[in-house]
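Enquirer: Right, I'll just put the structure down here and ask away after.
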Amino acid sequence: MLALVLYLVALAAFVYLVVLLFESGGDLTWMWGSFEYSTSVPVFVLLVVVATAALVVAFWLLSWLWRGPARIKESLGRRRREKGYESLTAGLVAVAAGDASEARRHARKADDLLGHPPLTLLLTAQAAQLDGDHEAADEHFKAMLERPETEFLGLRGLMAAALRRGDRAAVRDYARRAHALRPDAKWAAEAVFELQTLEGDWSGAQRTLESARDRKAFGADTSRRLRATLLVEEGRKALDSLDRAAALKRAREAHDEAPDLVPATVLLARVLIDAQKLRQAAKAIEKSWPRTPHPALAELYVETGRDSGVEHYKRISKLVDLAPDARESHLAAARAALDSNLTGEARCHLLALEDETVTTCVARLWAELEEREENADEVSLWLRRVADADPEATWQCDRCGEVASDWHAVCEGCGAFDHAVWRPPGPVEPPLQTQLPATSL
Ligand SMILES: [Zn+2]
Numbered sequence: 117m118l119a120l121v122l123y124l125v126a127l128a129a130f131v132y133l134v135v136l137l138f139e140s141g142g143d144l145t146w147m148w149g150s151f152e153y154s155t156s157v158p159v160f161v162l163l164v165v166v167a168t169a170a171l172v173v174a175f176w177l178l179s180w181l182w183r184g185p186a187r188i189k190e191s192l193g194r195r196r197r198e199k200g201y202e203s204l205t206a207g208l209v210a211v212a213a214g215d216a217s218e219a220r221r222h223a224r225k226a227d228d229l230l231g232h233p234p235l236t237l238l239l240t241a242q243a244a245q246l247d248g249d250h251e252a253a254d255e256h257f258k259a260m261l262e263r264p265e266t267e268f269l270g271l272r273g274l275m276a277a278a279l280r281r282g283d284r285a286a287v288r289d290y291a292r293r294a295h296a297l298r299p300d301a302k303w304a305a306e307a308v309f310e311l312q313t314l315e316g317d318w319s320g321a322q323r324t325l326e327s328a329r330d331r332k333a334f335g336a337d338t339s340r341r342l343r344a345t346l347l348v349e350e351g352r353k354a355l356d357s358l359d360r361a362a363a364l365k366r367a368r369e370a371h372d373e374a375p376d377l378v379p380a381t382v383l384l385a386r387v388l389i390d391a392q393k394l395r396q397a398a399k400a401i402e403k404s405w406p407r408t409p410h411p412a413l414a415e416l417y418v419e420t421g422r423d424s425g426v427e428h429y430k431r432i433s434k435l436v437d438l439a440p441d442a443r444e445s446h447l448a449a450a451r452a453a454l455d456s457n458l459t460g461e462a463r464c465h466l467l468a469l470e471d472e473t474v475t476t477c478v479a480r481l482w483a484e485l486e487e488r489e490e491n492a493d494e495v496s497l498w499l500r501r502v503a504d505a506d507p508e509a510t511w512q513c514d515r516c517g518e519v520a521s522d523w524h525a526v527c528e529g530c531g532a533f534d535h536a537v538w539r540p541p542g543p544v545e546p547p548l549q550t551q552l553p554a555t556s557l
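If you count by my numbering, then the sequence shown holds residues 117 to 557, one letter each, in order.
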């Protein structure tokens, strides 16, 4: 604004001066020693304008020449940066392709051209890792911790290296630092969560889970399932300490969060049956049965009534009718029918499993049925088949293949959390790609 006012004042002064000169008329005369020069006012004004224009052009030319070296330097720098980024890209591609020597070569070149930018540290560390030079890789990852922009990546690299070495203390340290730095990062939250579950720190794991869920690091379904699993372990711990009220509270919450989580329903039903709340226990099992029919639930359901004979069979039928085609429903019904001396019904349910694999449980039920009906030949046939029958389903870790007779949230073989699945024991397919955090501690 001030510049505009000054400009207008100068312009007005100039115009006033020109008008004054024109109005005064006559010629302008200069004396330079013995030399005298005269001209008219319009010619003088023209000369002034031309001289000013010439001065402006001369100034612009001089300034262009003055800035020449700086411009050349800037242009060379730009070209150097472009080459540096080209090398960086080529290096990252080489890392992705697993070409260690090429990655190292490009890393050095990019480092020279770009003057040690943070990204070349990562590239150099990855190239060293590819080469199997873990010490050098660790050095580079540690150097990344010095810069705020690469600290998080450096922690990830160091944690992966610590995992490989099986150094749990280092993994804990790096994982916690990374999680504190970026609570929204899934891998860091997973690593901290898995370490806490490994140490049986259920309440700490709940806090990590809540924080990860709130920051969208864990999805809603995953969070619900993990929370329910943690609650089951908390409930079991409370039951071990004879705190039945706390155990019931945790079991109810776990069952509400994940009615398909068998251990949650088993814990809830167990606590309720022990408290003589049989109707509530039956209701909880009935809610889970259509989702996950399981022999442990059928056994607990038997405990929710004190009937016998046909009444007992009718009561169990009420449960199995909730999932009439399920294998476990036929097995539970056959068991109840035999206990109620209803061999016709038992045969009916066992025949429904004819097309399925004969397991030890099925063979034993058949042998018992034939014995009740006094078919001696059939009894010996089924007893022989018990020995050759397929094993029953059991809890098996789908990560390492560890088999357990009882469910545990943390695998005793590999420490994985919530990886126990109910199935016939068998070999486990190794994962195609080991991702962080790969719990192998
Ligand atoms: Zn395992």
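Idealized CB from N, CA, C, for every residue including glycine.
1) In this structure, how does DSSP classify Trp-405 when only helix, strand and coil are distinguished?
2) To which residues does DSSP link Tyr-153 through a beta bridge?
3) Starting from the Cα of Asp-471, find the closest Cα among His-446, Tyr-290, Leu-364 and Val-308 and give me that residue.
4) Span of the beta strand (DSSP E) holding Arg-183?
5) Tell me the residue span of the alpha helix (DSSP H) that contains Gln-242.
6) May I have the straight-line CA-CA distance separating Ala-285 from Val-308, to the nearest angstrom?
7) For Gly-351, which residues in the same chain have their Cβ closer than 7 angstroms to its Cβ, ignoring the five residues on either side in sequence?
8) If I follow the unbroken beta strand (DSSP E) through Trp-482, where does it start and stop?
9) Looking only at its chain, what residues have a beta carbon closer than 7 angstroms to the beta carbon of Asp-254, apart from the 5 residues adjacent to it on each side?
10) Do you know offhand how far Val-461's Cα is from Glu-545's?
11) Around the C-beta of His-465, are 16 or more other C-beta atoms found within 10 angstroms, so that it is buried, or is it exposed?
12) If distances are taken between C-alpha atoms only, which option among Leu-279, Lys-332 and Ala-219 comes closest to Leu-204?
13) Which two residues bound the contiguous beta strand (DSSP E) that contains Gln-512?
14) Check whether the Cβ of His-535 sits closer than 7 angstroms to any heavy atom of ligand 1, and report yes or no.
15) Suppose the cutoff is 6 angstroms on Cβ atoms and the five residues either side in sequence are ignored; what does the same chain contact list for Tyr-429 look like?
16) Pop quiz: Ala-536 and Trp-498 are said to be a contact at Cβ under 8 angstroms. What is the actual Cβ separation, rounded to whole angstroms?
17) Can you give the Cα-Cα distance for Gln-322 and Arg-329, rounded to whole angstroms?
18) Between Asp-356, Gly-200 and Ala-344, which has its C-alpha nearest Leu-229's C-alpha?
19) Can you tell which of Glu-402, Pro-299 and Arg-341 has its C-alpha closest to the C-alpha of Ala-333?
20) State the CB to CB distance for the pair Ser-266 and Leu-237, rounded to an integer number of angstroms; the pair is presumed to be in contact (CB under 8 angstroms).
21) Can you find a heavy atom of ligand 1 that lies under 7 angstroms from the Cβ of Gly-270?
22) Answer with buried or exposed for Gln-551, where buried requires no fewer than 16 other C-beta atoms within 10 angstroms of its C-beta.
23) Does the Cβ-Cβ distance between Thr-558 and Asp-514 come in under 8 angstroms?
24) Taking 7 angstroms as the cut-off, does the CB of Gly-542 come closer than this to any heavy atom belonging to ligand 1?
25) Under 5 angstroms, CB to any heavy atom of ligand 1. Which residues pass, going along the chain?
26) Sort out for me which residues DSSP pairs Phe-533 with in a bridge.
Expert: In this structure, then:
1) Counting from one through the sequence shown, the residue named residue 405 turns up at place 289. Of the three classes helix, strand and coil, the one that applies to Trp-405 here is coil, per DSSP.
2) Position 37 of the sequence shown holds residue 153. Under the DSSP definition of a beta bridge, Tyr-153 partners with Trp-146.
3) Counting from one through the sequence shown, the residue named residue 471 turns up at place 355. Measuring from the Cα of Asp-471, the nearest candidate turns out to be His-446.
4) As a working note, residue 183 is residue 67 in the sequence shown. No beta strand (DSSP E) holds Arg-183; DSSP gives it neither H nor E.
5) Locating residue 242 in the sequence shown gives position 126, where the first residue counts as 1. Bounds of the alpha helix (DSSP H) holding Gln-242 are 234-246.
6) Along the sequence shown, one-based indexing puts residue 285 at 169. Along the sequence shown, one-based indexing puts residue 308 at 192. Between Ala-285 and Val-308, the alpha-carbon positions lie close to 12 angstroms from each other.
7) As a working mapping, residue 351 is identified with position 235 in the sequence shown. Leaving aside the five residues that flank Gly-351 on each side, the residues in its chain whose CB is nearer than 7 angstroms to its CB run, in chain order, Ala-363, Arg-366, Ala-367, Ala-370 and Leu-383.
8) Here residue 482 refers to the residue found at position 366 of the sequence shown. For Trp-482, there is no enclosing beta strand (DSSP E); the residue is part of the alpha helix (DSSP H) that begins and ends at 476-488.
9) On the sequence shown, residue 254 is found 138 positions in, with the first residue counted as 1. Closer than 7 angstroms at the Cβ level, and outside the excluded window around Asp-254, lie Leu-274 and Ala-277.
10) Here residue 461 refers to the residue found at position 345 when the sequence shown is read from its first residue. Here residue 545 refers to the residue found at position 429 when the sequence shown is read from its first residue. This sequence places Glu at residue 461; Val is not what is there. Each residue's Cα considered, the two are about 40 angstroms apart.
11) Along the sequence shown, one-based indexing puts residue 465 at 349. In this structure His-465 is buried. Its beta-carbon is surrounded by 16 or more other beta-carbon atoms within 10 angstroms.
12) In the sequence shown, counting from the first residue as 1, residue 204 sits at position 88. Taking each of Leu-279, Lys-332 and Ala-219 in turn and checking the Cα distance to Leu-204, the smallest one comes out for Ala-219.
13) Residue 512 sits at position 396 when you count from the first residue of the sequence shown. Where Gln-512 is concerned, the enclosing beta strand (DSSP E) stretches over 510-513.
14) Mapped onto the sequence shown, residue 535 falls at position 419. Yes.
15) Counted from its first residue, the sequence shown places residue 429 at position 313. Residues Ala-452, Ala-453, Ser-456 and Leu-458 of the same chain have their beta carbon placed closer than 6 angstroms to that of Tyr-429, with the five preceding and five following residues left out of the count.
16) Within the sequence shown, numbered from 1, the residue matching residue 536 stands at position 420. Within the sequence shown, numbered from 1, the residue matching residue 498 stands at position 382. That belief does not hold up - the Cβ atoms of Ala-536 and Trp-498 are roughly 31 angstroms apart, past 8 angstroms.
17) Taking the sequence shown and counting its residues from 1, one reaches residue 322 at position 206. Taking the sequence shown and counting its residues from 1, one reaches residue 329 at position 213. Using only the alpha carbons, I get a separation of about 10 angstroms.
18) Here residue 229 is taken as the residue at index 113 of the sequence shown, counted from 1. Leu-229 has its Cα closest to that of Gly-200, out of Asp-356, Gly-200 and Ala-344.
19) Walking along the sequence shown from the start, residue 333 turns up at place 217. Ranked by Cα distance from Ala-333, the first of Glu-402, Pro-299 and Arg-341 is Pro-299.
20) Sequence index remark: in the sequence shown, residue 266 carries index 150 (1-based). Sequence index remark: in the sequence shown, residue 237 carries index 121 (1-based). Here residue 266 is Thr; the residue named in the question, Ser, does not match the sequence. Contact holds; Cβ gap of about 6 angstroms.
21) Here residue 270 refers to the residue found at position 154 of the sequence shown. Because no heavy atom of ligand 1 lies under 7 angstroms away, the Cβ of Gly-270 does not count as near it: no.
22) Taking the sequence shown and counting its residues from 1, the one referred to as residue 551 is at position 435. Interpretation of Gln-551 is limited by its pLDDT of 41, a score under 50 that renders its predicted location unreliable; the figure taken from the coordinates is listed afterwards. Under this definition Gln-551 is an exposed residue.
23) This structure cannot settle anything about residue 558, because the visible part of the chain is limited to 117 through 557.
24) Along the sequence shown, one-based indexing puts residue 542 at 426. Gly-542: no, Cβ never under 7 angstroms from ligand 1.
25) That gives Cys-513, Arg-515, Cys-516, Glu-518, Cys-527, Gly-529, Cys-530 and Ala-532.
26) To locate residue 533, count along the sequence shown from 1; it is residue 417. Note: Phe-533 is bridge-paired with Val-526 in the DSSP secondary-structure output.
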